[in-house]
Structures are given as structure tokens and as C-alpha cells.
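**Student:** Numbering (the numbering used here), first residue to last: 400 to 968. Below you will find the structure I want to go over with you.
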């Protein structure tokens, strides 16, 4: 008498159908009386004969179906059906029907009624177990299902407790947690085919939404000046059992409140924007969100931290980077305001009550702008630090080494004193030009020359300075002494002493100088009155502090200057 049993509440309905597949294996154990049986409506399956119960036996060698009733763990045979052949190794489909109201037991094999027995004093309570037993054989039993009678509709209990009809949830949204099978028998004891239905079970609500943000971005906003539109977005909820079916939202003036927008289905969208509404100044609005899963279970409500409707001072400048002396137009974008007070650091005017003022900035620098606004029930202010950048304009200016020069070495050096410029263009009045910062220019013809300097600034335009007839070039009294007055320099080139000699037509004050190639005097060799006639002097080049190179030796006699080229080694 082997025993395998399971707990089963059989006290819920009047009639039960026990359905299973079973076979006797070919092997023989002990005597040749191979048999297997099924206990039902047992009150104690741990006892040898299962306490108080019914059971049936299929005997192989005797080819019988036997009915038994067990009272106080002692069984009594109540009926025997002969010629029921049970072939070892063959799998059969068994159905056992017990009606505890009538006490009738019907046995079907492969949907054929094999026999029945009716207990005139049937068990009606304490049906708590089912059990299988064998004798002298090995049996295989599979696909056990138990049906109970119902009306046209039935209520099934669901939950993790062992007393419930369905004790498991879906493991995921595509895996059913249970099947419901249904069989119908008619008055002629015929059994219908089995009807079945897959059942989705989910008793766990979706996860609570972690975050609800006011606004449409992932960063929550706390204030707005928009009075006709409100938005919110939220993180996704998770439901492994039956998936999220939809999200619902509402808006109100209190957390969880619905006085602005009632609960509304938002589908699977996690962003909502409501337009065409009238939001009140100084009021904070909250968005509440919940998720509903495929089973109709609703998550906990998640609520935003609220968004306040405020007076908002705001503005922008049409240009924020300008040049000194330029005007800037300010555009007022404040809302819910009727009075304005502007403060402009570095600007003219420095304050204004205009809606959209214009301000002139005359001095370079970076300047703050502040706007203070008031309305019927509130005020606001906004300061934009270092908002306006004023860049300097270019100013062209220069000086010259000489304004009066004489041919043949009419050289002028131009010293650029311009400010805030990045590049330059010079016009020397004789067709010559230069883009250097500090150029020098050599004039070949006598005359008066106008100098033009253009100073360029990439940010703030250009500036032009025109100096009319600034340079005067004279051709008077300039000649080569070595051909006119017998000027000689020996040795030339020289690395030591220089002997200079020339003829003077009359006594006069004379300067002997050395000039560089640009015409700048760099050494005064001698100065004084020289008598008429032959003049000769000796110069020690190592003592006058000039480096090797080519220079001009100049003899100044009154208003005349005479040049000759010398080379110092």
C-alpha cells in the first residue's frame, strides 16, 4: 500500500470530478495481484487507509473495478465491476465523479462509463485530501485535474494563500498564471469535451512613479509666467505581471487635487501639456500621476512639487555687444506688469520708466542692466550682470620725424600713435603707401604732401586721419660735395681712422654729422666756425660708438646740406 497524496479542499461544491492519466507498468512486485487505486474525499491522507474516504481499485489479474468506503481507517468493499481489463503499459484517461449530495460515484475510463456506486450515507464534510495507492506494481500518474460543480457562473478565489483557487500571478505579461477547465455531463451520463481558458492573474499594483516634473523637460521647474498652459512629465512605472495599460493625470491647487483638471487617461505618454486654461497669479499648481496595469490595478499616486504662477520681469537687448557711442534698444518681455523701472550702469540715460527704452553707451566696458516691475498684485525684478559689452572705436593718430626735409635724402619716419586698431593703411601723398605700423618713406620730388592714415578695427569700424600738406620736401642747396667742393673721405670703407677733407668757399659755421640710411642723425662729429679754404680733419671710428654698416656723412653749411656715403667695417 504505497501512498502519495495532496491537500485539496473538496468542501466548496456539491459535486467533484477527478481527472488524471495513469497506467500500470509491466513489472510485477511480490505476488501477481497488481492493482492501483485512487482515494478521494479523505479527511486524513497520512493514515494507512486515509482515515475516512472513498477509493476505487483497478486489479490487473482479476480484471475488476472495485469500489470501497473507508470508515475510521477501515475499508469495506461496496461494489465490484467485472471484465474491466487493465492492460499493463497502456496509459488511460480516468475521470471519477463524486456527488456528495446524492452519494453517487461514477467511474469513466477513456470517456466510457465503467460503473457506478451510490452511498446512501455519503460523506459531505472534511473532504481535505486526495491520494493514490498501489499494490504489487509500479504505477505512473500524470496530469491531475480536479473540477467542482458550479452554477452558470462561479467565483474563484485568488491569492498566495493555499486555500485559494488560483495561487500564482503571471510571471510576465505573456505567461498565463492559470487555466480554467470546464466539463459538462448530461442526464445520460455522457461527458463533454474539455473546454479550457488561459487566465492572466496579477494582484500586484504597478510600481510607484519615481518622479513627476513640472514642465516638459527632465529638469523640474518651480516658477512660470505663462498663465494659459501647464505641463508635466514623469518617469515610467514598471509592471512585470501584466504590463502598464495607461497613465492618468490630474492638476490641482493642492497635492493630489483635481480642481483644475480631473483625472484623465493619458495612454502610454509620460508627458502632458494642457492649453487654453486660466492660471492664477500667486497660485501653485500640482500634477498627480498614477499608472494602471492590464489587470486594472492602480499604482500609488505620485505628485510633483508644484509650479508657481508669478509675475515675471524679463527683457532682452537687440544688441548686447556694441561700440562706444552706439545706442541699444531694450525689448521688455515682462508679463502681468504695468509699471517699469530700468537701471542702466554706464548708459545714458542711467534710469528709465519706459516700456522699451533706448540707451546710449559712450564708454567702453561691461555693464549690468536691471528691470523692476510691478502689477496689480505683485512685483518682480531681474538683473542681468555684465549684460552689455561696449567695445572701443579705433582712433587714428601719428607723429613724424620731420615735417620739412630736403632732397636727395628726403626721408620721413612715421610714428603710429593710433589706439584700438588692429591694422593700418598709410598714404604718403606721392602715390606711395604702406600697411606697416610705423613705416618710413623717402620722397624723390620737392613739394607739399598730404598724409592719410586709416586705422582699422574689426569690431567697431575704421577711423581716418588726413593731415593736409603735412610734409614739405625742398630741393634747395642739396648736392654732392665731393664733386662741388672737393669732399674726400679716406679710406672708405674704413675700419679705423677716417680722414675728411673739403674746400670751403667762405668762412662759415659748419656741422659734420653721420646719418643713417633713413636720414636720422646719429652722431655729431664736430660743430663750429671753419675758415675759408682747405679743411681737413681726422675721425676715429672706433670712438664714435656706431656699428659696422653704410651711413651718410653730412656737411651742414648754413641752410645747405651736403651728403656722401661712407662704409664702416
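Ideal Cβ positions, reconstructed from N, Cα and C, are used throughout, including at glycine.
Can you list, in chain order, the residues of its chain with a C-beta nearer than 6 angstroms to that of residue 690? Leave out the 5 residues immediately preceding and following it.
**Tutor:** Within the chain shown, numbered from 1, the residue matching residue 690 stands at position 291. Excluding positions up to five away in sequence, the list reads 605, 636, 643, 646, 698.
**Student:** Check whether the Cβ atoms of residue 481 and residue 516 lie closer than 7 angstroms to each other.
**Tutor:** One-based indexing of the chain shown puts residue 481 at position 82. One-based indexing of the chain shown puts residue 516 at position 117. No.
**Student:** Considering Cα atoms alone, identify which of 760, 707, 694, 809 is closest to residue 652.
**Tutor:** Residue numbering aside, residue 652 sits at position 253 when the chain shown is read from its first letter. When each option's Cα is compared against that of residue 652, the closest is 707.
**Student:** What residue does the beta strand (DSSP E) around residue 920 start on, and which one ends it?
**Tutor:** In the chain shown, counting from the first residue as 1, residue 920 sits at position 521. Note, residue 920: beta strand (DSSP E), 920-929.
**Student:** To which residues of the same chain is residue 433 closer than 8 angstroms at the C-beta, ignoring the five residues directly before and after it?
**Tutor:** Walking along the chain shown from the start, residue 433 turns up at place 34. Correct list, in chain order: 423, 427, 458, 459, 460, 487, 534, 535, 536.
**Student:** Under three-state DSSP, which class holds residue 728?
**Tutor:** As a position in the chain shown, residue 728 is number 329, starting the count at 1. Correct three-state label for residue 728: strand.
**Student:** Assuming the contact rule is C-beta atoms closer than 8 angstroms, residue 870 and residue 799 should be a hit. Round their C-beta distance to whole Å, please.
**Tutor:** If you number the chain shown from 1, residue 870 lands on position 471. If you number the chain shown from 1, residue 799 lands on position 400. Correct: roughly 7 angstroms between the Cβ atoms.
**Student:** Can you tell me where the beta strand (DSSP E) with residue 580 in it begins and where it stops?
**Tutor:** Taking the first residue of the chain shown as position 1, residue 580 is located at position 181. First-last of the beta strand (DSSP E) with residue 580: 577-581.
**Student:** Taking its Cβ as the centre, do 16 or more other Cβ atoms sit within 10 Å of residue 496, making it buried, or is it exposed?
**Tutor:** Taking the first residue of the chain shown as position 1, residue 496 is located at position 97. Buried, by the Cβ-count rule.
**Student:** If we ignore side chains and look at the alpha-carbon of each, how far apart do residue 912 and residue 968 end up?
**Tutor:** As a first step, residue 912 is located in the chain shown; it is residue number 513 there, counting from the start. As a first step, residue 968 is located in the chain shown; it is residue number 569 there, counting from the start. Taking the straight line from one Cα to the other gives about 18 angstroms.
**Student:** Could you say which of 705, 751, 866, 762 lies nearest to residue 720 if we only look at CA atoms?
**Tutor:** By one-based count along the chain shown, residue 720 stands at place 321. Selected option, being the one with the closest Cα: 762.
**Student:** Which residue's Cα is closest to the Cα of residue 629: 576, 728, 612, 825?
**Tutor:** The count along the chain shown starts at 1 and reaches residue 629 at position 230. Among 576, 728, 612, 825, the Cα nearest to that of residue 629 belongs to 612.
**Student:** Quick one: Cα of residue 445 to Cα of residue 656, how far?
**Tutor:** Here residue 445 is taken as the residue at index 46 of the chain shown, counted from 1. Here residue 656 is taken as the residue at index 257 of the chain shown, counted from 1. Between residue 445 and residue 656, the C-alpha separation is close to 59 angstroms.
**Student:** Quick one: which unbroken beta strand (DSSP E) runs of 3-plus residues sit fully inside the segment 566-652? Chain order, please.
**Tutor:** Within the segment 566-652, the complete beta strand (DSSP E) runs of at least 3 residues are 577-581, 594-598, 611-613, 628-633, 643-651.
**Student:** Identify whether residue 849 lies in helix, strand or coil by the three-state DSSP scheme.
**Tutor:** As a first step, residue 849 is located in the chain shown; it is residue number 450 there, counting from the start. Note: residue 849 maps to strand in three-state DSSP.
**Student:** Between residue 571 and residue 420, what straight-line distance do the alpha-carbon atoms span, to the nearest angstrom?
**Tutor:** For the purposes of this step, residue 571 is identified with residue 172 of the chain shown, where counting begins at 1. For the purposes of this step, residue 420 is identified with residue 21 of the chain shown, where counting begins at 1. In a straight line, the C-alpha of residue 571 is about 30 angstroms away from that of residue 420.
**Student:** Can you name, in chain order, every residue of its own chain whose Cβ lies under 8 angstroms from the Cβ of residue 937, other than the five neighbours on each side?
**Tutor:** Taking the chain shown and counting its residues from 1, the one referred to as residue 937 is at position 538. Contacts found: 896, 897, 898, 899.
**Student:** Look up residue 707 in the DSSP assignment and give the residues it is bridged to.
**Tutor:** Here residue 707 is taken as the residue at index 308 of the chain shown, counted from 1. For residue 707, which the question treats as bridged, DSSP gives the partners 622, 683.
**Student:** Compute the distance between the beta-carbons of residue 593 and residue 584, then report whether it is under 7 angstroms.
**Tutor:** Taking the first residue of the chain shown as position 1, residue 593 is located at position 194. Taking the first residue of the chain shown as position 1, residue 584 is located at position 185. Cβ atoms of residue 593 and residue 584: not closer than 7 angstroms.
**Student:** Grab the span of the beta strand (DSSP E) containing residue 528 for me, first residue to last.
**Tutor:** Looking up residue 528 in the chain shown gives position 129. Counting along the chain, the beta strand (DSSP E) containing residue 528 begins and ends at 528-534.
**Student:** Taking three-plus beta-carbon pairs below 8 angstroms as touching, is the segment 782-792 in contact with the segment 716-731?
**Tutor:** Yes: at least three Cβ pairs fall under 8 angstroms.
**Student:** Can you grab the Cα-Cα spacing for the pair residue 665 / residue 632, in whole Å?
**Tutor:** Here the question's residue 665 lines up with position 266 in the chain shown. Here the question's residue 632 lines up with position 233 in the chain shown. Distance between the alpha carbons of residue 665 and residue 632: 11 angstroms.
**Student:** Candidates 940, 453, 677, 625: which alpha carbon is nearest residue 532's?
**Tutor:** On the chain shown, position 133 is the one that residue 532 refers to. Of 940, 453, 677, 625, the residue nearest in Cα terms is 453.
**Student:** Exposed or buried, which one is residue 748 when buried takes at least 16 other CB atoms within 10 Å?
**Tutor:** Taking the chain shown and counting its residues from 1, the one referred to as residue 748 is at position 349. Result: exposed.
**Student:** Return the chain-ordered list of same chain residues with a C-beta closer than 8 angstroms to the C-beta of residue 598, the five sequence neighbours on each side being excluded.
**Tutor:** Indexing the chain shown from 1 puts residue 598 at position 199. Once the five neighbours on either side are set aside, the close Cβ partners of residue 598 are 565, 575, 576, 577, 578, 579.
**Student:** From residue 518 to residue 700, what does the alpha carbon distance come to, in whole angstroms?
**Tutor:** Locating residue 518 in the chain shown gives position 119, where the first residue counts as 1. Locating residue 700 in the chain shown gives position 301, where the first residue counts as 1. Cα to Cα, the separation comes out at about 58 angstroms.
**Student:** Could you tell me how far apart the beta carbons of residue 906 and residue 933 are, in whole angstroms, since I believe they sit closer than 8 angstroms?
**Tutor:** Taking the first residue of the chain shown as 1, we reach residue 906 at position 507. Taking the first residue of the chain shown as 1, we reach residue 933 at position 534. Their Cβ separation, rounded to whole angstroms, is 13 angstroms, which puts residue 906 and residue 933 out of contact at 8 angstroms.
**Student:** Identify, in the order they occur along the chain, each residue of the same chain with its Cβ nearer than 7 angstroms to the Cβ of residue 856, setting aside the five sequence neighbours on each side.
**Tutor:** Position 457 of the chain shown, counted from the start, is the residue given in the question as residue 856. Taken in chain order, the residues that qualify are 792, 793, 819, 820, 821.
**Student:** Give the DSSP bridge partners of residue 770, in chain order.
**Tutor:** Taking the chain shown and counting its residues from 1, the one referred to as residue 770 is at position 371. DSSP, once it has assigned bridges, lists 741, 781 as partnering residue 770.
**Student:** To the nearest angstrom, how far is it from the Cα of residue 842 to the Cα of residue 893?
**Tutor:** As a position in the chain shown, residue 842 is number 443, starting the count at 1. As a position in the chain shown, residue 893 is number 494, starting the count at 1. C-alpha separation (whole angstroms): 30 angstroms.
**Student:** May I have the straight-line CA-CA distance separating residue 402 from residue 526, to the nearest angstrom?
**Tutor:** Reading the chain shown from its first residue, position 3 is the one you call residue 402. Reading the chain shown from its first residue, position 127 is the one you call residue 526. Computed Cα separation, rounded: 17 angstroms.
**Student:** For residue 547, tell me which candidate among 514, 582, 558 has the shortest Cα-Cα distance.
**Tutor:** By 1-based counting over the chain shown, the position of residue 547 is 148. Among 514, 582, 558, the Cα nearest to that of residue 547 belongs to 582.
**Student:** Report the three-state DSSP secondary structure of residue 762 (helix, strand or coil).
**Tutor:** One-based indexing of the chain shown puts residue 762 at position 363. In the structure shown, residue 762 sits in coil (DSSP, three-state: anything other than H, G, I, E or B).
**Student:** Helix, strand or coil, according to DSSP, for residue 941 in the structure here?
**Tutor:** Start at 1 with the first residue of the chain shown, and residue 941 comes out as number 542. Three-state result, residue 941: helix.
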